[in-house]
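Have a look at the structure below, then the notes.
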Amino acid sequence: MEYPNPDSKSAALYGRAQSVLPDGNSRTTIALKPYPIYIEEASGADVTDVDGNRFIDFNNNYTSLLHGHCFEPVRKAVEAQIVKATACSFTTEAEIELAELLCDRVESFEQVRFCNSGSEAVMNMLKAARAFTGRPKIAKIEGLYHGSYDFAEVSLRNKPGDRNGSAPISTAYSYGTPDSVLTEVVALPFNEIEATESLINLHGERLACIMIDLMPQTLSMISPSEDYLKALFRLTRKHGILLAFDEVISFRLGYSGGQGMFGIDPDITSIGKIIGGGFPVGAVAGRKDIMSVFEPQGGQSPRLPHGGTFNANPITMTAGKAALQAMDEDKFDRLNAAGNQLRQQVTEIIAELDIAAQVTGKGSLFSVRFHDRPMRHFADIVIDDVESLFMDKLRRYLIGNGIWLGGNMAGCLSTATTQAHIDKFCQVLKEGIVAQK
Numbered sequence: 034m035e036y037p038n039p040d041s042k043s044a045a046l047y048g049r050a051q052s053v054l055p056d057g058n059s060r061t062t063i064a065l066k067p068y069p070i071y072i073e074e075a076s077g078a079d080v081t082d083v084d085g086n087r088f089i090d091f092n093n094n095y096t097s098l099l100h101g102h103c104f105e106p107v108r109k110a111v112e113a114q115i116v117k118a119t120a121c122s123f124t125t126e127a128e129i130e131l132a133e134l135l136c137d138r139v140e141s142f143e144q145v146r147f148c149n150s151g152s153e154a155v156m157n158m159l160k161a162a163r164a165f166t167g168r169p170k171i172a173k174i175e176g177l178y179h180g181s182y183d184f185a186e187v188s189l190r191n192k193p194g195d196r197n198g199s200a201p202i203s204t205a206y207s208y209g210t211p212d213s214v215l216t217e218v219v220a221l222p223f224n225e226i227e228a229t230e231s232l233i234n235l236h237g238e239r240l241a242c243i244m245i246d247l248m249p250q251t252l253s254m255i256s257p258s259e260d261y262l263k264a265l266f267r268l269t270r271k272h273g274i275l276l277a278f279d280e281v282i283s284f285r286l287g288y289s290g291g292q293g294m295f296g297i298d299p300d301i302t303s304i305g306k307i308i309g310g311g312f313p314v315g316a317v318a319g320r321k322d323i324m325s326v327f328e329p330q331g332g333q334s335p336r337l338p339h340g341g342t343f344n345a346n347p348i349t350m351t352a353g354k355a356a357l358q359a360m361d362e363d364k365f366d367r368l369n370a371a372g373n374q375l376r377q378q379v380t381e382i383i384a385e386l387d388i389a390a391q392v393t394g395k396g397s398l399f400s401v402r403f404h405d406r407p408m409r410h411f412a413d414i415v416i417d418d419v420e421s422l423f424m425d426k427l428r429r430y431l432i433g434n435g436i437w438l439g440g441n442m443a444g445c446l447s448t449a450t451t452q453a454h455i456d457k458f459c460q461v462l463k464e465g466i467v468a469q470k
């Protein structure tokens, strides 16, 4: 295919969309320039756009599609449910069943509260931590994305120089963020134990939680080190702070999520994406005493009132149950093995081309970077302008040759991804790198 093609149907649809939608879309992350690609249909790992072009999907709706598109068990379960009820002001057994499934799989999950997105899940996790501890502040890692919520967005735009000594500065991500938000969020330096410990010791008595993503997409899927996670666990126990995991993405790492792979139980977790089977979803899960903030106590209102018109709607609950039931431990192992295979083949291409590059990630998640320096701390990982331009050109080459990948060369596999798909990805990636050199 040719991209961009000003005569394409996608280009025409974008022109039409711009008159009724800001920038012609409702989602910043898909705002591909000069126009986004409009799809007609999708099945498994294959996507067809309105111009008839086909893509192998290595984005899977930003990691949410564990089985790829239109997974038959999910489709059949939803078809059966949709003729019975879609959303109503009643509860359904489907909500209980999905909650039971999650609690059975993850040791730290004693109770679950559903919402409609990962952003909502993070927001309610932070609010629950404040309600439970009675403390106003939260701590998060500089540069990590946790959805669209003022407190979660602090430091997302940070550059390596945004420091006061060894302490990252709490900066606003979006215009209009109140200064008061910045004073209540402590930004922590990624994988820097000594500096992190100093900040937590300084603010510990006012910190409700420390939030961390186990597979941060904004940091090229570089995981926090084992020592760093252990330090956070130790410091939260020392100061009575809740350890909060954002597993909206990393929950796809295994049967018990990222925390099962890393072997650390948090106090509270936000999840989303794969637990909805391709439908809008989010959830907060954790210890029963913490989750009790959502319950009325002694005839009084909950410490954290929480509602939502589409919370735990039976369509999402049914789809999520079907998607997760189709993934036992063996199937997660096979999916992760496919991820290992892709990373190995990309590493071989890098060696063959003799270029400064590397592939990162774990399980079914990966990212390709174009330098060879070690990536441990924030300053090591941040993408500079030269690399960003190269990655953008390379991504456009991939798109033009039938490979769909998210921004910054990050992607994921699904159970629909085959070895032939991986081989094609690697072939086009190699050709694209050569073409851009």
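Numbering (this note's numbering), first residue to last: 34 to 470.
Ideal placement from N, C-alpha and C gives every residue a C-beta, glycine not left out.
Predicted model only: the values in this text are computed from it and were never measured.
Three or more beta-carbon pairs drawn from the stretch 243-253 and the stretch 400-416 are found closer than 8 Å, and the two stretches are therefore classed as touching.
Less than 7 Å divides the Cβ of Y71 from the Cβ of V83. When the five nearest sequence neighbours on each side are left out, the beta carbons in the same chain lying within less than 7 Å of the beta carbon of A200 are those of A228, L232, in order along the chain.
As far as DSSP is concerned, S256 takes part in no beta bridge. Exposure of K66 is indicated by the presence of fewer than 16 other C-beta atoms within 10 angstroms of its C-beta.
Between the stretch 184-194 and the stretch 151-163, the count of Cβ pairs shorter than 8 Å is three or higher; the stretches touch. A straight line joining the alpha-carbon of V53 with that of A44 spans about 15 Å. For V155, the enclosing alpha helix (DSSP H) begins and ends at 151-166. F295 carries a helical assignment under DSSP once its states are collapsed to helix, strand and coil. Here M244 carries a strand assignment [DSSP, helix/strand/coil]. Secondary structure at D363: helix, using DSSP grouped into helix, strand and coil.
Ranked by Cα distance from V107, the first of Y95, T351, M248 is T351.
In the assembly as shown, K470 is an exposed residue. Its beta-carbon has fewer than 16 other beta-carbons within 10 Å. Fully enclosed beta strand (DSSP E) runs of no fewer than 3 residues occupy 301-305, 315-319 of the stretch 292-352, in order along the chain. The stretch 53-133 is shown to contain whole beta strand (DSSP E) runs of 3 or more residues at 72-76, 79-82, 87-90, in chain order. The three-state reading of DSSP puts K463 in helix, counting H, G and I together. Distance from the CA atom of G151 to the CA atom of A316, rounded to whole angstroms, is 7 Å.
In the three-state scheme derived from DSSP, where H, G and I count as helix and E and B as strand, D456 is classed as helix. Going by DSSP, G444 is part of the beta strand (DSSP E) stretching over 443-445. The secondary-structure analysis by DSSP pairs N197 across a beta bridge with A200. Within the same chain, and ignoring the five residues on either side of I383 in sequence, the residues whose Cβ sits closer than 8 Å to its Cβ are A390, Q391, V392. In the three-state scheme derived from DSSP, where H, G and I count as helix and E and B as strand, A371 is classed as helix. According to DSSP, I171 shares a beta bridge with V218, C242. Put simply, of V419, D387, D418, R376 the residue whose alpha carbon is nearest the alpha carbon of F458 is R376. Using a Cβ distance threshold of 7 Å, Y288 and F365 count as a contacting pair.
Around the beta carbon of E140, fewer than 16 other beta carbons sit within 10 angstroms, so the residue counts as exposed. In the DSSP assignment, A277 falls within the beta strand (DSSP E) that extends over 275-279. For R190, the three-state secondary structure derived from DSSP is coil. In this structure T216 is exposed. Its beta-carbon is surrounded by fewer than 16 other beta-carbon atoms within 10 angstroms. G296 and E259 have their alpha carbons spaced roughly 9 Å apart.
Each residue's CA atom was taken as its position, placing D405 and S421 some 15 Å apart. Contact check between the stretch 339-349 and the stretch 110-124: three or more CB pairs, one atom from each, fall below 8 Å, which counts as touching. In this structure, A371 sits away from L462, with a CB-CB distance that is not shorter than 7 Å.
For L398, the enclosing beta strand (DSSP E) covers residues 398-402.
Taking each of G167, R196, A164 in turn and checking the Cα distance to I174, the smallest one comes out for R196. Taking the CA atoms as reference points, A64 sits about 18 Å from G435.
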